[in-house]
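K.L.:
After the structure tokens below, expect a handful of questions from me.
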Amino acid sequence: MNLLSKRYEPLALEEEILDFWKKQKIYDKTLEFRSKGPRWNFLEGPPTTNGFMHVGHARGRAMKDAQLRYMTMRGYNVWRRGGWDMQGLPVELEVEKNEGIAEKGLIESDVGMDVFVQKCKELVDFYLERWVNDSIRLGLWLDYPSAYQTRKDDYIEHVWHFLKLANENGLLGRGYRVNPICPRCVTALSGHEVSQGYMVKTDPSIYVKFKLVGKENEYLVIWTTTPFTLISNEMVSVHPKYKYVKVKVDGESWWLVEDLVVEVMHKAKKESYEIVESLPGKKMLGWKYEHPFKEEVPFHQVHNEKYMHAVVTGTHVTVEDGTGLVHTAPGFGPDDFNVGREFDVPVLAPVNNTGKFTSEVPMFEGRLVFDTNPEVPRLLEKKGLLVHEETLDHEYPHCWRCDTPLIYLADKSQWFLRMTGVRERLVDENTKVEWTPEWAGTGRFGDWVANADDWCISRSRVWGSPLPVWVCDDCKEEIVIGSRKELKEHAIKFPDEFEMHRPWVDEVVLLCEKCGGEMHREQFVTDCWLDSGIAHTASVDYLKDPSLFNQLFPFDFITEAVDQSRGWFYSLLYTSVVMHDKAPFKACVSQEHVLDAEGGKMSKSRGNVVWAEDALADIGADPFRVFVLTRSASWSRMNYDKKEIDLTRKKLDVLWNVVLFTETYMDLDNFKFDEKRMMKTLPKANLEDKWLLSRLQTVIKEYHEQMGKYLWHQAGRVLLEFISEDLSRVYLPLVKKRVWLDSEDPKKVMAYDVIYYTLQTFLRALNPFTPFLCEKLHKDFLVRFAEDLPESINLTDMPMSVDKLIDQEMEKTFEVLQELRSASSHARNKKGVKLRHPVAKVVLIAEDEETSKRAESLRDLLLDDLNTRDFEVQRTDVMAEFTRLSIKPNYKALGPRYKDMMKQLVLKLQEVDAVKLRRDLERGKAEVVVAGKKLKLVDGDVEFEESLPDHLSFAESKIGKLYVDVTRTKELEAEGLVRDVTRRVQVMRKELDLKVEQSIDLVLYFSDEEAVELAEMFKVHLTNETRAQTMELVGPKKQPTWKKYSYVKEWEIDDLTLKVGMSPL
RNA sequence: GGGCCCGUGGCUUAGACUGGUUAUAGCGCCGCUCUGAUAAGGCGGAUAUCGCGCGUUCAAAUCGCGUCGGGCCCA
112 MNLLSKRYEP
122 LALEEEILDF
132 WKKQKIYDKT
142 LEFRSKGPRW
152 NFLEGPPTTN
162 GFMHVGHARG
172 RAMKDAQLRY
182 MTMRGYNVWR
192 RGGWDMQGLP
202 VELEVEKNEG
212 IAEKGLIESD
222 VGMDVFVQKC
232 KELVDFYLER
242 WVNDSIRLGL
252 WLDYPSAYQT
262 RKDDYIEHVW
272 HFLKLANENG
282 LLGRGYRVNP
292 ICPRCVTALS
302 GHEVSQGYMV
312 KTDPSIYVKF
322 KLVGKENEYL
332 VIWTTTPFTL
342 ISNEMVSVHP
352 KYKYVKVKVD
362 GESWWLVEDL
372 VVEVMHKAKK
382 ESYEIVESLP
392 GKKMLGWKYE
402 HPFKEEVPFH
412 QVHNEKYMHA
422 VVTGTHVTVE
432 DGTGLVHTAP
442 GFGPDDFNVG
452 REFDVPVLAP
462 VNNTGKFTSE
472 VPMFEGRLVF
482 DTNPEVPRLL
492 EKKGLLVHEE
502 TLDHEYPHCW
512 RCDTPLIYLA
522 DKSQWFLRMT
532 GVRERLVDEN
542 TKVEWTPEWA
552 GTGRFGDWVA
562 NADDWCISRS
572 RVWGSPLPVW
582 VCDDCKEEIV
592 IGSRKELKEH
602 AIKFPDEFEM
612 HRPWVDEVVL
622 LCEKCGGEMH
632 REQFVTDCWL
642 DSGIAHTASV
652 DYLKDPSLFN
662 QLFPFDFITE
672 AVDQSRGWFY
682 SLLYTSVVMH
692 DKAPFKACVS
702 QEHVLDAEGG
712 KMSKSRGNVV
722 WAEDALADIG
732 ADPFRVFVLT
742 RSASWSRMNY
752 DKKEIDLTRK
762 KLDVLWNVVL
772 FTETYMDLDN
782 FKFDEKRMMK
792 TLPKANLEDK
802 WLLSRLQTVI
812 KEYHEQMGKY
822 LWHQAGRVLL
832 EFISEDLSRV
842 YLPLVKKRVW
852 LDSEDPKKVM
862 AYDVIYYTLQ
872 TFLRALNPFT
882 PFLCEKLHKD
892 FLVRFAEDLP
902 ESINLTDMPM
912 SVDKLIDQEM
922 EKTFEVLQEL
932 RSASSHARNK
942 KGVKLRHPVA
952 KVVLIAEDEE
962 TSKRAESLRD
972 LLLDDLNTRD
982 FEVQRTDVMA
992 EFTRLSIKPN
1002 YKALGPRYKD
1012 MMKQLVLKLQ
1022 EVDAVKLRRD
1032 LERGKAEVVV
1042 AGKKLKLVDG
1052 DVEFEESLPD
1062 HLSFAESKIG
1072 KLYVDVTRTK
1082 ELEAEGLVRD
1092 VTRRVQVMRK
1102 ELDLKVEQSI
1112 DLVLYFSDEE
1122 AVELAEMFKV
1132 HLTNETRAQT
1142 MELVGPKKQP
1152 TWKKYSYVKE
1162 WEIDDLTLKV
1172 GMSPL
């Protein structure tokens, strides 16, 4: 009886297996089973519990699971604690949206920060549950109950511990940072967030002149697309090496870069102008100018440092657009800021974090900066300083959440972690990591670490790890707290209800040890990358008890998508090097993203995101896993296309069908697998048995090599190819006859043993890829036909290749077989001779001696397989003598010369000896006699074609030429007919859904007496093949009584009509 | 603005590091065929200026430079 369903149905199967795993606690049993093994430690990169799992996440998680299952079956005690990244801005934004809070001010007033934080927790817990469900559905085996959560106090304490340590090492600092801020969300954005929000923005583009101090009518001409920043202009930058020129125009002198003179003058509509002087930029250093808004902005009246309102030099200046003189406002751009620092100019940043001017700019106080953009040119115009005004469409960063244009703004209160002092260690430690692919680490990540800026870790938000810095109200003394215990020791006010989140932590007041004053907390939370970055330590409760950490650190393996290079990979490395002076992971596999079917980026706004839950419910976890694991290399991007997945699924269908086939016959014969028996009888086994076992071992070897390099796509492809190419396409057809045998033939048992052994080995190797399918086939197939197998395939060992079974010569021999098969099919095809019809002879003209020997050794097998009566291998082309050379006249060459004699000439050419003519042509004295005239022929007048006589067909192959002799004899005719008939009877048996061993009564009616005669020749054979108890063969002379038969059907075989009647007994 | 990856029949892709016969394979299409595991398989056919341009070379899908397009990272 078949326990397996007729068809592979992943959805039902996976549901059953999930239930089996749960009820039988299989995962826990694997932990116990491997508890004595050597450790292999995986550090889970915590998914953000904000939003649901999409197919891109699921691909990464499939990779993780494949690796984890593989290592477990290799005997390792695998550490695989789950983890969740639960804090950060996106969570707050979603809560704001859900609660209808538009601005941050409302968080604190209307809703209350404690309620707000509660909502954040509820939200992340909601997503966490969904993530766990989806992960389990995918088959990802992690420790979920003990998973670390970055929002827990115990976890956050590690962040504090780290920051205190960093501070002690002089790495924690505060100061000016120029950050892109969103005035609506009131927050700084990370570079990652900025790059997600580039959109086209239309801005004013204005050219402005600044009057040089102490010169008459002499000006610097600058350009900007953010007029409001002119108010905070402090310098003008020039490139030290570029050539700048003084241009006389309308009685004034303008300075600008030489390359852009024509363009600027054209825009300013100045037709007559004259270049009167030129010098390199560096000569302009220190030239002072009058600030256009000196009267309106007090800051510009107070400050007059050496390079304030002066020309400075910098290599960031380009001549792509503008004037070559770059307006520089250190408060409003990272480049500008660096220039300001270099030339020691104080920063003017008169804008608050909601994007509005402060009282430092009385004329615009309280107004959004972008709103003043149109007014600034008007003011300049009045002052006579506007040279030209237009608008410009350009890519400008917008908030990726709310589409508000960002402002680059200097903020002096931000906290950051320095690169100075640790950079070399980071670079050095990174070189010790085994990256896959190599360039992801050495190139992309390595270059980035080598050039990374200081890391700004402060965020003016609520839902995050609080920055553990308290500042004295009086003397401004600062203290960095490293733990809850330490906090309590310093506290003079501590809330009854406490947790390490705002607002509770803000209520803690500390005593200043320096002046005795009160210390309050800096109201920042930290960058959430810092949370996940500390996972190497916090995820194993290092502070409570470091012994586990000591066992696991550094972790053996991590894998995440490329965007984590600058995120998690970096934050892990930085924090680990500071804390433990060591990279926290030994190997890292970089993944690329999953795109939509057309190769476009998946994004919520485009609406093309495919959620993991939907994909898994639609196609099943195993087909999904196979697709994402084998489709492309982990580091290559992948297009997610449902149509392509359906194709991948077919490969699993083949596996299912192979098992189904074997199950049917093993069941009939009450087979039990016995490995010792197989090994003992192996020397006497058939060629194909030895070959399959050899192929299997070669495949397993290749599989391990690829897995060892984390090349899952290669390992998976090797396995899938084996199933369809070797097992299903080559081996099974060869053994079908054997399993048909009725008796207890040792050859049959051998075939069963070989198939069983192959499937057992194969399924274990495949388990990391399709754990559901493999578990099912283990449970309901492997266990059934062997003794003493554990209940789960996950409790078995990964098979390693058995070298003694590898026979390379045999594998090469079978490659010859494959070639012979396709060449023979080709040759038959040319003559329209079906494979069912036997041929008299097949001759191979082998390319070399080795092929010849190999083909010869296959002789017995080939007679059957190629359905030929005889098979011959020759080293020289003995068949060439049968080759006929025919002459094809070239009408284009002959026509013009012989005109009306052509008809006769063509007829004559069919008669002449082609071989002789070719020889004569080569000698240059060919001629034919037509109607008594000698006609001369030259090279090119005719072409020669080789052709075979009708009874021969021919095909070229990699191993040599193949001739097939298709001569028909009565005997061969009969055999072909019998096979035609047999097949049709078999189809009818199947249509009646008869059991394989079911007997029948059979009558065959032929529309042609000769066919009856032919069929009689093979009556015994026919009876056996169709399992007929009684059989009647009749022709047109006698009509059987069709009523006697329960199933009657008429067939057309070429010109013959066949009517079949059968009754099951 | 800078860096990295990618571009191969209608579609999906191998090959590129290490230049060398007719560019790999699958899907789809057309014709033929096999089948008592198979919604499968086999044979043949049509479909590719290997994104474009320039260069190096006896020889370029492969190496170099440039350019266009897609994706990612950073500013």
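Read the first sequence against our numbering and you will find it ends at 1176, with the numbers running on by one and no gaps.
Built from N, CA and C at the ideal position, the CB exists for glycine as well.
Predicted model, so just to flag it, every value in this text is computed and none were measured.
(1) Measure the alpha-carbon distance for Leu-1105 versus Ile-1164 and round it to whole angstroms.
(2) Which one of Val-1023, Val-368, Leu-906, Glu-629 has the shortest CA to CA distance from Lys-140?
(3) Can you tell which of Ala-258, Val-228, Arg-806, Phe-227 has its C-alpha closest to the C-alpha of Glu-240?
(4) Which of the three DSSP states, helix, strand or coil, is assigned to Thr-979?
(5) Pair every Cβ in the region 900-915 with every Cβ in the region 169-184, then say whether three or more of these pairs are closer than 8 Å.
(6) Using 8 Å as the threshold, is the C-beta distance between Gly-442 and Ala-521 below it?
(7) Okay, do the region 715-729 and the region 555-569 touch, 3+ Cβ pairs below 8 Å being the bar?
(8) Output needed for Glu-1084: all residues of its chain with C-beta closer than 7 Å, excluding positions within five of it in sequence on either side, in chain order.
(9) Tell me, please, whether the region 369-378 touches the region 465-483 by the rule of three or more beta-carbon pairs shorter than 8 Å.
(10) Residues in its own chain within less than 8 Å of His-269 by CB, not counting five upstream and five downstream?
(11) Closest to Glu-369 by C-alpha separation, out of Thr-434, Tyr-330, Glu-327, Gly-362, would be which residue?
(12) Mapping DSSP to helix, strand and coil, what is Met-184?
(13) Between Cys-296 and Cys-513, which are expected to be in contact by the criterion C-beta below 8 Å, what is the C-beta distance as a whole number of angstroms?
(14) Please state whether DSSP places Phe-880 in a helix, a strand or coil.
(15) Name, in chain order, the residues that DSSP records as bridge partners for Met-749.
(16) Name the DSSP beta bridge partners of Gly-943, please?
(17) Determine the burial state of Arg-150: buried for a count of at least 16 other Cβ atoms within 10 Å of its Cβ, exposed for fewer.
(18) Should Leu-807 and Thr-872 be called a contact, given that it needs their Cβ atoms to be closer than 8 Å?
(19) Specify the secondary structure class of Asp-455 as computed by DSSP and reduced to three states.
(20) Around the C-beta of Thr-869, are 16 or more other C-beta atoms found within 10 angstroms, so that it is buried, or is it exposed?
(21) Alpha carbon to alpha carbon, what distance is there between Phe-883 and Thr-547?
(22) Tell me whether the beta-carbon of Phe-605 lies closer than 8 Å to the beta-carbon of Lys-596.
(23) With the cut-off set at 8 Å, would you say Val-689 and Phe-273 are in Cβ contact?
(24) What do you get for Ala-957, buried or exposed, if any count of 16 or more other CB atoms within 10 angstroms of its CB means buried?
(25) What residue range does the beta strand (DSSP E) around Asn-209 cover?
(26) Between which residues of its own chain and Lys-543 is the CB-CB distance below 7 Å, once the five residues before and five after are set aside?
(27) If you draw a straight line from the C-alpha of Trp-334 to the C-alpha of Gly-466, how long is it?
(28) Less than 8 Å separating the beta-carbons of Ile-603 and Val-620?
(29) Can you list, in chain order, the residues of its chain whose CB lies under 7 Å from that of Lys-523, leaving out five sequence neighbours each side?
(30) Is the region 816-832 close to the region 738-752, with three or more CB pairs under 8 Å?
(31) How is Asn-290 classed by DSSP in three states: helix, strand or coil?
(32) Just reading off the beta strand (DSSP E) that Glu-1121 is part of, what are its end residues?
(33) Whose C-beta lies closer than 7 Å to the C-beta of Trp-1179 among residues of the same chain, with five residues either side of it excluded?
(34) Give a yes or no on contact between the region 485-495 and the region 336-344, applying the rule of three or more CB pairs nearer than 8 Å.
(35) For Gly-557, count the other beta carbons within 10 Å of its own beta carbon; 16 or more makes it buried, fewer makes it exposed. Which is it?
(36) Pairing CB atoms from the region 582-591 with CB atoms from the region 245-261, are three or more of them under 8 Å?
P.N.:
According to the structure shown:
(1) Taking the first residue of the first sequence as position 1, residue 1105 is located at position 994. Taking the first residue of the first sequence as position 1, residue 1164 is located at position 1053. The alpha-carbon atoms of Leu-1105 and Ile-1164 are separated by roughly 24 Å.
(2) Working through the first sequence from its first residue, we reach residue 140 at position 29. Measuring from the Cα of Lys-140, the nearest candidate turns out to be Leu-906.
(3) By one-based count along the first sequence, residue 240 stands at place 129. Among Ala-258, Val-228, Arg-806, Phe-227, the Cα nearest to that of Glu-240 belongs to Ala-258.
(4) Position 868 of the first sequence, counted from the first residue, corresponds to residue 979. If DSSP states are grouped into helix, strand and coil, Thr-979 belongs with the strands.
(5) The region 169-184 and the region 900-915 touch, with three or more beta-carbon pairs separated by less than 8 Å.
(6) Translated into positions along the first sequence, residue 442 becomes position 331. Translated into positions along the first sequence, residue 521 becomes position 410. Closer than 8 Å, so yes.
(7) By the Cβ criterion, the region 715-729 is not in contact with the region 555-569, since fewer than three pairs of Cβ atoms, one from each stretch, lie closer than 8 Å.
(8) The residue labelled residue 1084 in the question sits at position 973 within the first sequence. If we look at Glu-1084 and ignore the five residues flanking it on each side, its Cβ neighbours are Leu-1125.
(9) No, because fewer than three Cβ pairs between the region 369-378 and the region 465-483 fall closer than 8 Å, the two stretches do not touch.
(10) Residue numbering aside, residue 269 sits at position 158 when the first sequence is read from its first letter. Once the five neighbours on either side are set aside, the close Cβ partners of His-269 are Ile-645, Thr-648, Ala-649, Tyr-653, Leu-654.
(11) In the first sequence, residue 369 corresponds to position 258, counting from 1. Closest option to Glu-369, Cα to Cα, is Thr-434.
(12) The count along the first sequence starts at 1 and reaches residue 184 at position 73. Secondary structure of Met-184 (DSSP, three-state): helix.
(13) Residue numbering aside, residue 296 sits at position 185 when the first sequence is read from its first letter. Residue numbering aside, residue 513 sits at position 402 when the first sequence is read from its first letter. Sure, about 6 Å apart at Cβ, within 8 Å.
(14) Position 769 of the first sequence, counted from the start, is the residue given in the question as residue 880. Residue state, collapsed to three classes: coil.
(15) By 1-based counting over the first sequence, the position of residue 749 is 638. Beta bridge pairing from DSSP links Met-749 with Val-705.
(16) Along the first sequence, read from residue 1 onward, the residue named residue 943 stands at position 832. According to DSSP, Gly-943 shares a beta bridge with no other residue.
(17) Taking the first sequence and counting its residues from 1, the one referred to as residue 150 is at position 39. The residue is exposed, with fewer than 16 neighbouring Cβ atoms inside 10 Å.
(18) By one-based count along the first sequence, residue 807 stands at place 696. By one-based count along the first sequence, residue 872 stands at place 761. Cβ atoms of Leu-807 and Thr-872: closer than 8 Å.
(19) Mapped onto the first sequence, residue 455 falls at position 344. Asp-455 falls in the coil class under three-state DSSP.
(20) Numbered from 1 along the first sequence, position 758 holds the residue referred to as residue 869. Here Thr-869 is buried. Its C-beta has 16 or more other C-beta atoms within 10 Å.
(21) Taking the first sequence and counting its residues from 1, the one referred to as residue 547 is at position 436. Taking the first sequence and counting its residues from 1, the one referred to as residue 883 is at position 772. If you draw a straight line from the Cα of Thr-547 to the Cα of Phe-883, it is about 28 Å long.
(22) Mapped onto the first sequence, residue 605 falls at position 494. Mapped onto the first sequence, residue 596 falls at position 485. Cβ distance not < 8 Å, so Phe-605 and Lys-596 don't count as in contact.
(23) Counted from its first residue, the first sequence places residue 689 at position 578. Counted from its first residue, the first sequence places residue 273 at position 162. Phe-273 is positioned such that its CB atom lies closer than 8 Å to that of Val-689.
(24) On the first sequence, position 846 is the one that residue 957 refers to. By the 10 Å Cβ count, Ala-957 comes out buried.
(25) For this step, residue 209 is matched to residue 98 along the first sequence. Counted as a single uninterrupted DSSP element, the stretch harbouring Asn-209 is not any beta strand (DSSP E) but the alpha helix (DSSP H) occupying residues 200-210.
(26) Here the question's residue 543 lines up with position 432 in the first sequence. If we look at Lys-543 and ignore the five residues flanking it on each side, its Cβ neighbours are Ala-694.
(27) In the first sequence, the residue the question calls residue 334 occupies position 223. In the first sequence, the residue the question calls residue 466 occupies position 355. The alpha-carbon atoms of Trp-334 and Gly-466 are separated by roughly 22 Å.
(28) As a working mapping, residue 603 is identified with position 492 in the first sequence. As a working mapping, residue 620 is identified with position 509 in the first sequence. For the pair Ile-603 and Val-620, the CB atoms are nearer than the 8 Å cut-off.
(29) The residue you call residue 523 lines up with position 412 of the first sequence. Contacts found: Gly-286, Tyr-287.
(30) Verdict: yes, contact present.
(31) To locate residue 290, count along the first sequence from 1; it is residue 179. Judged by DSSP in its simplified three-state form, Asn-290 adopts strand.
(32) Stepping through the first sequence from its first residue, residue 1121 is reached at position 1010. In the DSSP annotation of this structure, Glu-1121 is not part of any beta strand (DSSP E); the continuous alpha helix (DSSP H) holding it starts and ends at 1120-1128.
(33) One cannot answer for residue 1179 here, as it falls past the ends of the chain, which runs 112 to 1176.
(34) They touch, by the three-pair rule.
(35) Within the first sequence, numbered from 1, the residue matching residue 557 stands at position 446. Around the beta carbon of Gly-557, a 10 Å sphere encloses 16 or more other beta carbons of the protein chains shown; the residue is thus reported as buried.
(36) Short answer: they don't touch.
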